[in-house]
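Structure record follows, encoded as structure tokens.
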Amino acid sequence: MTTPEANARDAAPSDFIRDAIREDLANGRYDRVHTRFPPEPNAYLHIGHAKAVWIDYGIAREFGGLFNLRFDDTNPLKEEPEFVEAIIEDVRWLGADWGDRLYFASDYFEQMVEWAIQLIRQGQAYVCDLSPEEMRATRGTLTEPGTDSPYRNRSVDENLGLFARMRSGEFPDGSRTLRAKIDMASPNVVMRDPVMYRIRHAEHHRQGTKWCVYPSYDWAHGLEDSIEGVTHSLCTLEYEIHRPLYDWFLEQLGIYRPRQIEFARLSLTYTVMSKRRFVDLVDRGFVIGFDDPRLPTLAGLRRRGYTPEAIREFCERVGVGGRADTTIDMHMLEDCIREDLNQRSTRVMGVLNPLRVVLTNYPDGQTEEVDAINNPEDPSAGTRKIPFGKTLYIERDDFRKEPPPKFFRLAPGREVRLRYGYFITCQEVIEDESGEIVELRCTYDPATRGGDAPDGRKVKGTIHWVSAEHAIEVEVRLYDHLFAKPDPDEVDEGLDYTANLNPESLRVQAAYVEPSVAGAPAGARYQFERLAYFCVDPDSSPERLVFNRTVTLRDSWAKIEKAMGG
RNA sequence: UGCCCGAUAGCUCAAUUGGCAGAGCGGCUGACUCUGGAUCAGCAGGUUCCAGGUUCGAUCCCUGGUCGGGCAGCCA
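The opening residue of the first sequence carries number 36 in our numbering; numbering runs sequentially from there.
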């Protein structure tokens, strides 16, 4: 029994941000909801950004409002068009819809300058000639107030003139700034006469050389939100301390005022989540690039085989986070992709560590096809044919010469089912001089074709296999956590976080897979039954497919084995 | 020895603006099964950081501690 209330609750998630918005709507502060995702085009997006996108977009959608994608391109030194393309692709892939509202902060530069002039006229902004070093020296410390700039009390006319000359390019980089005149003694250092404009004779990726003064984040961001009619400007916790400044600018200008609300920044265990670290890992060769499947970038996750649905589900499970930053267990992300892939991925059989099996009573040279279900979770996915023959490969782990208790797979004298194939019984174990098992001689029961015994006989285990003659050889890239510790920063004195890199984070090897996967395009996803989910990597060629292991299946046998002290 | 924020089951979060502390994941147990997967059912009993205070009653209010995080870019 679900009550209407319960339904409503399920349909509309509740958290302190949504509660605040509902309140704003109820008391008339706003009569609509409009959010935005404002990335700076200076890096690839990671799953932390996905969380932000999904909060911004999700809230707009739930409240029947609008969502903008806006590039906060206010610093030409750090930004590149390559990133705007990549970010657009990532946000689209994630599934957020900004309609025709793709904006760039740089398109507002003219308006921002007009507002800056207004503030100068109101005596609330001034041109400061302090060097960066001097400014730092006069800002005070966290415990001591700063001191006023000697240029703080210039006349409006002088400021107007100087600012005009800053804009026309008369002064070198770093020589002057336009500052808001607020309070050098504020306990909130952000309010100590923050810089609004700095001089940068730099080429902007969209504005070219039109400008040589660029607005700072604090000055620009609220204006951008205001111009776009954003109602709720959602950002991460580190901006909380900037909120008074965000409000101050808008209030002094007397323009439309959005409301900034902060949510928790996302961290994940066993990985790192910052542009700086990504660059470092790439530069030092620990990963192959920003789309390395071991990185939590959206490009990396996509290549690894993650679906947008799984990432969204993850974001929803994580929620907005309380009022403190959160570190989420990587296993939760993995659980999300398993849940999604379980529903949708095509099953195939593939053997990672082959052990040859010869069916001694199977006719020489005979080949046949057995029917297999493509996806037990989705009958509409249909069936396919898998070739079967006298010589097969099974997983080495599926045979034990001396099976421990609860091991229900193949062992000497034991009968198991080859999935969709026949029951087979192990008659003989062939070993080489060193004692390594190189082949199994088994008999099959022709009456059990398809996997069912007419006499009602049961077997405890079902294992996967491929026909040695028909299987195709592929490359598999077996990924594991990038770091060996939940917190990569937990290192001994003198070592850096890379000391915690997991040496096993990538293992490349060959595997045999049933021929139905031949020709699969990059991005195609499969479940290799009983093993893991795999995704075709772009490195694949027509001659050789490359599969990335997205995530293993839950392995309850591993748990049993561990519990038995094995 | 500044300002701001936080501290609830292993983890991440809730708790109708004071009223018997709940969920998801993990974990454990069982059922079932042609993936030991999936699925399903059940279980979990946490001094709600500590010490005071207000109150009939505090996770939620006040005071003081402790611990953690953020802030001193002409980064965002």
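The beta carbon of each residue, even a glycine, is placed where N, CA and C say it ideally should be. These numbers come from a predicted model, not from an experiment.
Checklist entry - For residue 335, does the three-state DSSP call read helix, strand or coil? => result helix
Item to check | Three-way DSSP call (helix, strand, coil) for residue 211 in this model | outcome: coil
Checklist entry - Going straight from the alpha carbon of residue 322 to that of residue 427, what length do you get? => result 36 Å
Next on the checklist: Using the Cβ count rule (16 or more neighbours within 10 Å means buried), how would you classify residue 511?
Outcome noted: buried
Checklist entry - When DSSP labels each residue in this structure, what does residue 295 get in the three-state scheme? => result strand
Next on the checklist: What residue range does the alpha helix (DSSP H) around residue 160 cover?
Outcome noted: Per DSSP, residue 160 belongs to no alpha helix (DSSP H); it is in the beta strand (DSSP E), 160–163.
Next on the checklist: Using DSSP's beta-bridge definition, name the partner residues of residue 270.
Outcome noted: 297
Checklist entry - Taking C-beta to C-beta, are residue 535 and residue 563 nearer than 7 Å? => result no
Item to check | Rounded C-alpha distance that separates residue 124 from residue 475 | outcome: 50 Å
Next on the checklist: Among 431, 140, 489 and 533, whose alpha-carbon lies nearest the alpha-carbon of residue 317?
Outcome noted: 533
Checklist entry - Among the residues of its own chain, which have a CB less than 8 Å from the CB of residue 229, if the five just before and after it don't count? => result 214, 215, 217, 251, 253, 254 and 280
Checklist entry - Would you report the Cα separation of residue 597 and residue 441, rounded to the nearest angstrom? => result 12 Å
Checklist entry - Who are residue 250's beta bridge partners in DSSP? => result 232
Item to check | alpha helix (DSSP H) segment containing residue 359, residue limits | outcome: Residue 359 -> no alpha helix (DSSP H), and no H or E assigned at all.
Item to check | Alpha carbon of residue 282 to alpha carbon of residue 69, nearest angstrom | outcome: 18 Å
Next on the checklist: Considering only DSSP beta bridges, list what residue 474 is partnered with.
Outcome noted: 391 and 465
Next on the checklist: Between residue 505 and residue 385, how many whole angstroms is the CB-CB distance? I'm expecting something under 8 Å.
Outcome noted: Contact doesn't hold; Cβ gap of about 13 Å is too wide.
Next on the checklist: Please give the ranges of any beta strand (DSSP E) in the stretch 71–159, keeping only runs that are unbroken, at least 3 residues long and fully inside the region.
Outcome noted: 101–106 and 137–139
Next on the checklist: Pop quiz: residue 334 and residue 79 are said to be a contact at Cβ under 8 Å. What is the actual Cβ separation, rounded to whole angstroms?
Outcome noted: 6 Å
Item to check | residue 302 versus 330, 444 and 130, residue with shortest Cα-Cα distance | outcome: 330
Checklist entry - For residue 162 versus residue 202, is the C-beta spacing smaller than 7 Å? => result no
Checklist entry - When the Cα atoms are used, what is the spatial distance from residue 366 to residue 378? => result 19 Å
Item to check | Reduced DSSP category for residue 287 - H, G, I as helix; E, B as strand; rest coil | outcome: helix
Item to check | Per-residue DSSP class, three states only, for residue 596 | outcome: helix
Checklist entry - Roughly how many angstroms separate the alpha carbons of residue 445 and residue 77, rounded to a whole number? => result 55 Å
Next on the checklist: Can you tell me whether residue 40 is helix, strand or coil according to DSSP?
Outcome noted: Here residue 40 scores only 33 on pLDDT, less than 50, and its place in the model should not be relied on; the value that follows carries that caveat. Residue 40 falls in the helix class under three-state DSSP.
Item to check | Beta-carbon proximity check, residue 463 vs residue 472, cutoff 7 Å | outcome: no
Item to check | residue 372, buried or exposed, once every other Cβ within 10 Å from all chains shown has been counted against 16 | outcome: buried
Checklist entry - How would you write the range of the alpha helix (DSSP H) that residue 318 sits in, first residue to last? => result 310–318
Checklist entry - Along the chain, where does the alpha helix (DSSP H) that runs through residue 577 open and close? => result No alpha helix (DSSP H) contains residue 577, which DSSP labels as neither H nor E.
Item to check | N- and C-terminal bounds of the beta strand (DSSP E) containing residue 424 | outcome: 418–424
Checklist entry - What three-state label does DSSP hand residue 410 in the structure shown? => result coil
Next on the checklist: Among 569, 531, 508 and 443, whose alpha-carbon lies nearest the alpha-carbon of residue 312?
Outcome noted: 531
Checklist entry - Using the C-alpha atoms, what's the distance from residue 137 back to residue 246? => result 22 Å
Checklist entry - So residue 377 is in the alpha helix (DSSP H); what residue range does that whole segment cover? => result 365–379
Next on the checklist: Buried or exposed, going by whether 16 or more other CB atoms sit within 10 Å of the CB of residue 87?
Outcome noted: buried
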